[in-house]
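In this note's numbering, the protein residues as written are 1 to 144. For each residue, glycine too, the CB sits at the ideal point set by N, CA and C. Bear in mind the structure is a predicted one, so any value in this text is a computation, not a measurement.
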């Protein structure tokens, strides 16, 4: 049987659903990516040191980029043995994951089946979307 994987991802977490024959495995990975520009004791004005004013926006963006890269690498460690992969989610993180997969040749050509937009979803909705994608014949269209 093929090992079929679906990943719902945004910058706060990733939910990985692996279908391997009759078995199903669900893994949730929480991200530690900072999504806001608030630094304790600094407010939103930056830091004043005498006459010098230091703004930490650039440091924040670099740290966020490194945290996102680490998060994507941790997600990729779960999908290396997949035969087929779909990625979906509400934000740009899915695009960054796709770019990393393709630019660093982390997955064989043709294994990445789709990268699709999706809103926030419950765990059951995510699992159903992955099942429907890989096994559409098992789901009948609702009657009007």
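request  = Could you tell me whether the stretch 21-32 touches the stretch 99-109, using the rule of 3 or more Cβ pairs below 8 angstroms?
outcome  = No: the two stretches stay apart, fewer than three of their Cβ pairs being nearer than 8 angstroms.
ask   = If you compare alpha carbons, which of 26, 8, 88, 31 is closest to residue 65?
value = Selected option, being the one with the closest Cα: 31.
inquiry  = Suppose contacts are defined by Cβ-Cβ distances below 8 angstroms. Is residue 115 in contact with residue 94 by that definition?
reply    = A contact, by the Cβ cut-off of 8 angstroms.
Span separating the alpha-carbon of residue 4 from that of residue 86 = Just so you know, the alpha carbons of residue 4 and residue 86 end up roughly 8 angstroms apart.
request  = Assuming residue 33 contacts residue 67 (C-beta within less than 8 angstroms), just tell me the rounded distance between them.
outcome  = A Cβ-Cβ separation of about 4 angstroms places residue 33 in contact with residue 67 under the 8 angstroms criterion.
ask   = Is the beta carbon of residue 83 less than 8 angstroms from the beta carbon of residue 58?
value = Not a contact, by the Cβ cut-off of 8 angstroms.
inquiry  = Could you tell me the alpha carbon to alpha carbon distance between residue 10 and residue 122, rounded to whole angstroms?
reply    = Looking at the backbone, the Cα of residue 10 and that of residue 122 are separated by about 13 angstroms.
query = From residue 107 to residue 28, what does the alpha carbon distance come to, in whole angstroms?
reply = Here the C-alpha atom of residue 107 lies approximately 21 angstroms from the C-alpha atom of residue 28.
inquiry  = Extract the residue ranges of the beta strand (DSSP E) inside the stretch 70-106, only unbroken runs of 3 or more that lie entirely within it.
reply    = Taking only runs of at least 3 residues, the beta strand (DSSP E) segments lying wholly in the stretch 70-106 are 84-89.
inquiry  = DSSP three-state label for residue 108, please.
reply    = Annotated three-state conformation of residue 108 is coil, per DSSP.
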